[in-house]
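In the numbering used here, the protein residues as written are 471 to 702.
In structure tokens, the structure reads:
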């Protein structure tokens, strides 16, 4: 507890640049909490669904029940629902609609990540600006009189060091969070692409099987018609 008190008291010597840096830090924490909550809720893929899609011969009804259990906010559920709703259409149509939905999901997952990326760059620069202003204050005290006031000099140096340290700390937190979210988003989209290809292959197999059965029935139906006409 005493360490936190000392840290807050030290921020008072950081000068005016501490306040925008603290605002950036609060903004970064809000975005990190928001994205972490969203990713935890939206990127849940049960192992049973993964095994079902990877199975060569599965039931579309079973997959539909698995998707319904995910809920409307789940990213995988949104993606698979598009494929399920269009599975009676040609495979190229299904893949096109699935790609469009994956693009929308990517926008949802990546929302506000650009702010974190900006904070990674802006926070050290703002800390550096505070360093420059603090050192300018220290040099002005030294050069303004023949006698050096130690407290005023150390105040300027403290302002320089505190703003630099705070800017680097905020940038590091934002950098780790940005890389984690970007990696999680990339892995989720890769999984959607892979599983979407599996489902598209199943649709092709179903459609080819239906065409083959239709072609197999057509000659027999012609023979039956000829026999019926001959009997008449």
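For each residue, glycine too, the CB sits at the ideal point set by N, CA and C.
Starting from residue i, follow the alpha helix (DSSP H) in both directions and report where the run begins and ends.
i, result
"residue 517", "517-524"
Helix, strand or coil for residue i per DSSP?
i, result
"residue 542", "coil"
"residue 528", "coil"
"residue 560", "coil"
"residue 513", "coil"
"residue 580", "coil"
"residue 487", "coil"
Report back the beta-carbon spacing between residue i and residue j to the nearest angstrom; my notes put them in contact at under 8 Å.
i, j, result
"residue 579", "residue 501", "The pair is not a contact, with the Cβ atoms about 13 Å apart (cut-off 8 Å)."
"residue 554", "residue 534", "6 Å"
"residue 636", "residue 496", "At roughly 12 Å, the Cβ-Cβ gap does not stay under 8 Å, so residue 636 and residue 496 are not in contact."
"residue 654", "residue 513", "7 Å"
"residue 576", "residue 659", "6 Å"
"residue 589", "residue 498", "5 Å"
Should residue i be counted as a contact of the ligand PLP given a C-beta to heavy atom distance under 6 Å?
i, result
"residue 656", "Of ligands this structure carries none, so the ligand PLP is not represented either."
*Is the region 631-648 in contact with the region 545-560, if contact means three or more CB pairs nearer than 8 Å?*
no
*Validate contact between the region 520-527 and the region 661-670 using beta carbons, cut 8 Å, 3 pairs*: yes
_Cβ contact check for the region 644-652 and the region 598-606: 3 or more pairs under 8 Å_ = no
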